[in-house]
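**Q** Residue numbers (UniProt numbering): 1 to 864.
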Amino acid sequence: MGKEYEQAIASYDRALEIKPDYHEAWYNRGIALYNLGRYEEAIASWDRALEFKPDDPDAWYGRGIALGNLGRFEEAIASYDRALEIKPDYHQAWYGRGVALGNLGRLEEAIASYDRALEIKPDYHLAWNNRGNALFNLGRFEQAIASYDRALEIKPDYPDAWYGRGVALGNLGRLEEAIASYDRALEIKPDYHLAWNNRGNALFNLGRFEQAIASYDRALEIKPDYHLAWNNRGNALFNLGRFEQAIASYDRALEIKPDFHDAWNNRGNALDDLGRFEQAIASFDRALEFKPDYHDAWYNRGIALGNLGRYEEAIASYDRALEIKPDYHQAWNNRGNALTDLARFEEAIASFDRALEIKPDYHEAWYNRGIALYNLGRYEEAIASYDRALEIKPDYHDAWNNRGIALGNLGRFEEAIASWDRALEIKPDFHLAWNYRGFALGNLGRFEEAIASYDKALEIKPDFHLAWNYRGVALADLGRFEEAIASYDKALEFKPDDHDAWNYRGVALANLGRFEEAIASYDKALEFKPDDHDAWNYRGVALANLGRFEEAIASYDKALEFKPDDHDAWNYRGIALGNLGRFEEAIASFDRALEFKPDYHDAWYNRGIALGNLGRYEEAIASYDRALEIKPDYHDAWYNRGIALGNLGRFEEAIASWDRALEFKPDYPDAWYGRGVALGNLGRFEEAIASWDRALEFKPDYHEAWFIRGVVLNNLGRFEQAIASYDRALEIKPDYPDAWNNRGIALGNLGRFEEAIASCDRALEIKSDYHEAWGNRGYVLTCMGRYKDALESCDRAIKINPNYANAYYNKACCYGLQNNVELAIENLQRAINLDVEYQDMAKTDKDFEQIRGDERFQSFLNRV
Numbered sequence: 001m002g003k004e005y006e007q008a009i010a011s012y013d014r015a016l017e018i019k020p021d022y023h024e025a026w027y028n029r030g031i032a033l034y035n036l037g038r039y040e041e042a043i044a045s046w047d048r049a050l051e052f053k054p055d056d057p058d059a060w061y062g063r064g065i066a067l068g069n070l071g072r073f074e075e076a077i078a079s080y081d082r083a084l085e086i087k088p089d090y091h092q093a094w095y096g097r098g099v100a101l102g103n104l105g106r107l108e109e110a111i112a113s114y115d116r117a118l119e120i121k122p123d124y125h126l127a128w129n130n131r132g133n134a135l136f137n138l139g140r141f142e143q144a145i146a147s148y149d150r151a152l153e154i155k156p157d158y159p160d161a162w163y164g165r166g167v168a169l170g171n172l173g174r175l176e177e178a179i180a181s182y183d184r185a186l187e188i189k190p191d192y193h194l195a196w197n198n199r200g201n202a203l204f205n206l207g208r209f210e211q212a213i214a215s216y217d218r219a220l221e222i223k224p225d226y227h228l229a230w231n232n233r234g235n236a237l238f239n240l241g242r243f244e245q246a247i248a249s250y251d252r253a254l255e256i257k258p259d260f261h262d263a264w265n266n267r268g269n270a271l272d273d274l275g276r277f278e279q280a281i282a283s284f285d286r287a288l289e290f291k292p293d294y295h296d297a298w299y300n301r302g303i304a305l306g307n308l309g310r311y312e313e314a315i316a317s318y319d320r321a322l323e324i325k326p327d328y329h330q331a332w333n334n335r336g337n338a339l340t341d342l343a344r345f346e347e348a349i350a351s352f353d354r355a356l357e358i359k360p361d362y363h364e365a366w367y368n369r370g371i372a373l374y375n376l377g378r379y380e381e382a383i384a385s386y387d388r389a390l391e392i393k394p395d396y397h398d399a400w401n402n403r404g405i406a407l408g409n410l411g412r413f414e415e416a417i418a419s420w421d422r423a424l425e426i427k428p429d430f431h432l433a434w435n436y437r438g439f440a441l442g443n444l445g446r447f448e449e450a451i452a453s454y455d456k457a458l459e460i461k462p463d464f465h466l467a468w469n470y471r472g473v474a475l476a477d478l479g480r481f482e483e484a485i486a487s488y489d490k491a492l493e494f495k496p497d498d499h500d501a502w503n504y505r506g507v508a509l510a511n512l513g514r515f516e517e518a519i520a521s522y523d524k525a526l527e528f529k530p531d532d533h534d535a536w537n538y539r540g541v542a543l544a545n546l547g548r549f550e551e552a553i554a555s556y557d558k559a560l561e562f563k564p565d566d567h568d569a570w571n572y573r574g575i576a577l578g579n580l581g582r583f584e585e586a587i588a589s590f591d592r593a594l595e596f597k598p599d600y601h602d603a604w605y606n607r608g609i610a611l612g613n614l615g616r617y618e619e620a621i622a623s624y625d626r627a628l629e630i631k632p633d634y635h636d637a638w639y640n641r642g643i644a645l646g647n648l649g650r651f652e653e654a655i656a657s658w659d660r661a662l663e664f665k666p667d668y669p670d671a672w673y674g675r676g677v678a679l680g681n682l683g684r685f686e687e688a689i690a691s692w693d694r695a696l697e698f699k700p701d702y703h704e705a706w707f708i709r710g711v712v713l714n715n716l717g718r719f720e721q722a723i724a725s726y727d728r729a730l731e732i733k734p735d736y737p738d739a740w741n742n743r744g745i746a747l748g749n750l751g752r753f754e755e756a757i758a759s760c761d762r763a764l765e766i767k768s769d770y771h772e773a774w775g776n777r778g779y780v781l782t783c784m785g786r787y788k789d790a791l792e793s794c795d796r797a798i799k800i801n802p803n804y805a806n807a808y809y810n811k812a813c814c815y816g817l818q819n820n821v822e823l824a825i826e827n828l829q830r831a832i833n834l835d836v837e838y839q840d841m842a843k844t845d846k847d848f849e850q851i852r853g854d855e856r857f858q859s860f861l862n863r864v
């Protein structure tokens, strides 16, 4: 092809001799030069094209690619930007711009650029892949995998995406999946040496060293000068104890790359394990040639000072020793211990690193380094450090123990338990390991086993307050709160100022509903640790359970004073504000929780409730939807979403929402109830009754369901059944005025007027200002011909609610039946003024038959 490009350039040159402003020729000449790898000349050619046609996006784009190939990324970006000014939907330019930004380490901007390319061309597999690379480099491995997956949806045979996906999975510790991903890359591209190498690394990390070696061997068949694969192969052989072969592998790496200090270092480890110490030192020395910060320290005086607790002087002594003998690893190690005792952890790590540069198989230094990293919260690095100690000294029980602690802090509890089990194989009476093991089992929900582990610790050391404390936690997790409190009390017997025990004791008391005692327990925790945000938070929850919401908010505020990003405290604070009817403030509190934890489904849910209480139903629905994106089986969110939809009159959607709630919780009476209300609103009364019946199966004392069931049965003319339903509601809640009132209506409809009046009277005993009950009582009295009593009853209703149209209408009927035309018209007019529907009712109502022929009544009806 090179010859063809040369000929093409000659041809373009002839064209340009004839027409020097022929921008297409300059442009295509640039392409040919680019394809020959002559990037500077290509840029010059495109620059000439742009002189004649400055708005040619393709020339700006090509220029950007060439600049990128020359490593001139800032200029490349500027060129892509010019292309995009002219042609904003130029997906290749957005992509190229992303590549250049990525090469500059501006990864967030690179992702934004790839996103623009993908908006324009969603099936652009290269952009999805490179976007994954940028996310990977940001440490956002889950998102990177999702991006690679999008690339592979579009182009399943894209080996680079399978490879990148494997690397990301490996970084997440999902090693089996990583291997599967590398295997897919290798099906497509069997000579992909990088994939063979990284596959080997994943197998290595799984401890499958033989398979790892086979994978490295495949990489080396394809690329024999691949020094990383030789080194990694050596590491796998080392872990199998095949040290001679490991050294041979490191030697091959070093033939290719003589300054490869890791290979020199690893070669030294293998030589050391073979007892070939002189050669090991020679190998470490070569490592130090290429990495000059490998030094050691002298230490005798320092050790003595350290044993005396005079750590600053000890450090000074180690420093003097190291001036004399910089490669004295023991001095570096003990200097690190002294720095650790002074809580100067970063400096300690540097000191341990110096020891380990000189003597990589120094297990005490690896172990001590792990302790310092742990104290900084750098748990992965700490584990790696303990692992190195344990490679060298597998029966090192303290290292197994501390490794377990670090894994536990990362939530890798099964691995942590395995680590403690190793410690206990070596030292069965190691009470600390039994204790930590119990803690991990508790985190896995294996509480009975956890208690057994704590009991083992307490057999060995009965005054071990931590074991008593965590034993209490496990008992509480089993719901055995009384026993948990007893366990916390034992912890406090041995350590009365143990704020954690006071705190957990409070939680157990709260779970028993003993909130006052719980608060007292939290207060004790806060005496000993006033900045214990958890205690302030739990104290707030207990106060809220007592209905002391203002005090609860004050407690949450204290928690937030000490931990402003405590999302739970913001959430609970919002709930308390909601209980006080301060919904706007509640929403603001939930929003703060979501700032710190955007996937906090409970906060989205509670926010929805507050919005609903403000009548902002659309926003409430949006909030519930966010909760359901995060937790699709969140039945309460589906339920409250249904309520918001119902309040908007969107009954079909509300039913659908309640149906989703019932998928996840079929015995959810409130959802069955709400569903029934929506069905009733749609006129689907039989289905509504069936829905309420389901609610009552699960909650037979659900008085609201019995009541509303009665309302619909009454509306269907099934009065006896309606009364039976109201009676069930009243068995459960005898002071339920609505049920007594509606029961009266149903009895009236059956002509059982005395019973109806008695039922209305019961409603009025409970709620004397119940105007509907006074109105219904008046109606029944009218039906009985007790007009004077009826009018008095209606007047009572009107006195309570002057805009109660039905009472005026009942009065009009009463006067009509007494042939009192003037008062009938006067009251009918008032009823119609308040509700025009009474106009049509009056035209056919039999109560007006006696006066219907009266000219005054006829005139009134015609006029209105």
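Cβ atoms here follow ideal geometry from the backbone N, Cα and C, with glycine treated the same way.
In the structure shown, what three-state DSSP assignment does D568 receive?
**A** In the sequence shown, the residue the question calls residue 568 occupies position 568. Helix at D568.
**Q** K3: buried (16+ other C-beta within 10 angstroms of its C-beta) or exposed?
**A** Looking up residue 3 in the sequence shown gives position 3. Classification of K3: exposed, given that the 10 Å Cβ count is below 16.
**Q** If you drop the 5 nearest sequence neighbours on each side, which residues of the same chain put their C-beta closer than 7 Å to that of G207?
**A** For the purposes of this step, residue 207 is identified with residue 207 of the sequence shown, where counting begins at 1. None.
**Q** Within 10 Å of its beta-carbon, does I324 have 16 or more other beta-carbons around it, so buried, or fewer, so exposed?
**A** As a working mapping, residue 324 is identified with position 324 in the sequence shown. Looking at its Cβ environment, which holds fewer than 16 other Cβ atoms inside 10 Å, I324 is exposed.
**Q** Note down, in chain order, each residue of its chain lying with its Cβ closer than 8 Å to the Cβ of D157, except the 5 sequence neighbours on either side.
**A** Taking the sequence shown and counting its residues from 1, the one referred to as residue 157 is at position 157. Closer than 8 Å at Cβ, skipping near neighbours: I188.
**Q** Where does Q818 fall in DSSP's three states?
**A** The residue you call residue 818 lines up with position 818 of the sequence shown. Of the three classes helix, strand and coil, the one that applies to Q818 here is coil, per DSSP.
**Q** Please report how far the alpha carbon of G540 lies from the alpha carbon of W502, in whole angstroms.
**A** By one-based count along the sequence shown, residue 540 stands at place 540. By one-based count along the sequence shown, residue 502 stands at place 502. C-alpha separation (whole angstroms): 15 Å.
**Q** Assign M841 to one of three DSSP states: helix, strand, or coil.
**A** As a position in the sequence shown, residue 841 is number 841, starting the count at 1. Correct three-state label for M841: helix.
**Q** Under 8 Å Cβ to Cβ from G408, same chain only, skipping five residues before and after it: list those, please.
**A** Numbered from its first residue, the sequence shown carries residue 408 at position 408. Taken in chain order, the residues that qualify are A416, Y436, F439, A440 and N443.
**Q** Please name the residue in A229, R140, H227 and A270 whose C-alpha comes closest to that of I247.
**A** By 1-based counting over the sequence shown, the position of residue 247 is 247. Selected option, being the one with the closest Cα: A270.
**Q** Would you list, in sequence order, the uninterrupted alpha helix (DSSP H) runs of no fewer than 4 residues that lie entirely inside the UniProt repeat "TPR" (737–770)?
**A** 737–749 and 753–766
**Q** Count Cβ pairs between the region 731–740 and the region 762–769 that sit closer than 8 Å; are there 3 or more?
**A** yes
**Q** Our contact map puts G506 next to A518 with C-beta atoms below 8 Å; I'd like the distance itself, whole angstroms only.
**A** Translated into positions along the sequence shown, residue 506 becomes position 506. Translated into positions along the sequence shown, residue 518 becomes position 518. The C-beta separation of G506 from A518 comes to about 4 Å, placing the pair in contact by the 8 Å criterion.
**Q** Mind checking which residues open and close the alpha helix (DSSP H) that includes G850?
**A** For the purposes of this step, residue 850 is taken as the residue at position 850 of the sequence shown. It is Gln, not Gly, that sits at residue 850 in the sequence shown. From DSSP, Q850 is part of no alpha helix (DSSP H); its letter is neither H nor E.
**Q** If contacts are defined as beta-carbon pairs under 8 Å, then A185 and Y163 qualify, I think. What distance do you get, rounded to the angstrom?
**A** Counted from its first residue, the sequence shown places residue 185 at position 185. Counted from its first residue, the sequence shown places residue 163 at position 163. The pair is a contact, with the Cβ atoms about 5 Å apart (cut-off 8 Å).
**Q** Rounding to the nearest angstrom, what Cα-Cα distance links Q211 and G170 in this structure?
**A** By one-based count along the sequence shown, residue 211 stands at place 211. By one-based count along the sequence shown, residue 170 stands at place 170. Cα-Cα distance, rounded: 16 Å.
**Q** Tell me which same chain residues have a C-beta within less than 6 Å of the C-beta of A15, skipping the five on either side of it?
**A** Along the sequence shown, one-based indexing puts residue 15 at 15. The answer, listed in chain order, is Y22 and A25.
**Q** Go ahead and label Q92 buried or exposed: buried means 16 or more other beta carbons lie within 10 angstroms of its beta carbon, across all protein chains shown.
**A** Along the sequence shown, read from residue 1 onward, the residue named residue 92 stands at position 92. The residue in question, Q92, is buried, as its Cβ has 16 or more Cβ neighbours within 10 Å.
**Q** What ranges does the alpha helix (DSSP H) occupy inside the UniProt repeat "TPR" (227–260), keeping only unbroken runs of at least 4 residues that lie completely in it?
**A** Complete alpha helix (DSSP H) runs here, min 4: 227–239 and 243–256.
**Q** Is the beta carbon of L645 sitting closer than 8 Å to the one on I621?
**A** Here the question's residue 645 lines up with position 645 in the sequence shown. Here the question's residue 621 lines up with position 621 in the sequence shown. For L645 and I621, yes; Cβs fall inside 8 Å.
**Q** If you draw a straight line from the C-alpha of L730 to the C-alpha of W570, how long is it?
**A** Start at 1 with the first residue of the sequence shown, and residue 730 comes out as number 730. Start at 1 with the first residue of the sequence shown, and residue 570 comes out as number 570. Cα-Cα distance, rounded: 41 Å.
**Q** In the region 670–723, which residue ranges form an unbroken alpha helix (DSSP H) of at least 4 residues, counting only runs that do not cross its ends?
**A** 685–698 and 703–715
**Q** Residues in its own chain within less than 8 Å of N197 by CB, not counting five upstream and five downstream?
**A** If you number the sequence shown from 1, residue 197 lands on position 197. So the qualifying residues of the chain are S215, Y216, A219, Y226, L228, A229 and N232.
**Q** Can you give the Cα-Cα distance for A297 and W264, rounded to whole angstroms?
**A** Walking along the sequence shown from the start, residue 297 turns up at place 297. Walking along the sequence shown from the start, residue 264 turns up at place 264. Any reading at A297 must be qualified, since the residue scores a pLDDT of 31, below 50, and its modelled position is unreliable; the value itself is stated next. Spanning the two alpha carbons is a distance of roughly 21 Å.
**Q** Determine the burial state of K359: buried for a count of at least 16 other Cβ atoms within 10 Å of its Cβ, exposed for fewer.
**A** Taking the sequence shown and counting its residues from 1, one reaches residue 359 at position 359. Flag for K359 reads buried.
**Q** Less than 8 Å between the CB atoms is what I'm expecting for D769 and L781, so what's the real figure, rounded?
**A** Locating residue 769 in the sequence shown gives position 769, where the first residue counts as 1. Locating residue 781 in the sequence shown gives position 781, where the first residue counts as 1. At roughly 19 Å, the Cβ-Cβ gap does not stay under 8 Å, so D769 and L781 are not in contact.
**Q** Is G30 closer than 8 Å to A49 when the C-beta atoms are compared?
**A** Indexing the sequence shown from 1 puts residue 49 at position 49. Indexing the sequence shown from 1 puts residue 30 at position 30. Their beta carbons are under 8 Å apart, which means A49 touches G30 by this criterion.
**Q** Can you give me the start and stop residues for the alpha helix (DSSP H) that F447 sits inside?
**A** Sequence index remark: in the sequence shown, residue 447 carries index 447 (1-based). Where F447 is concerned, the enclosing alpha helix (DSSP H) stretches over F447 to I460.
**Q** Check R131 in the structure and name its three-state DSSP category.
**A** Against the sequence shown, residue 131 aligns to sequence position 131. Helix at R131.
**Q** With H, G and I counted as helix, E and B as strand and the rest as coil, what does DSSP make of Y488?
**A** As a working mapping, residue 488 is identified with position 488 in the sequence shown. Helix.
**Q** Which two residues bound the contiguous alpha helix (DSSP H) that contains Y328?
**A** Counted from its first residue, the sequence shown places residue 328 at position 328. First-last for Y328: undefined, no H or E at that position.
**Q** Thinking C-alpha only, which one of H329, Y311, L716 and P326 is nearest residue 881?
**A** Absent from the structure is residue 881, since the part of the chain shown begins at 1 and ends at 864.
**Q** Assign G309 to buried or exposed, taking buried as 16 or more other Cβ atoms, counted over all protein chains shown, within 10 Å of its Cβ.
**A** Counting from one through the sequence shown, the residue named residue 309 turns up at place 309. That one is exposed.
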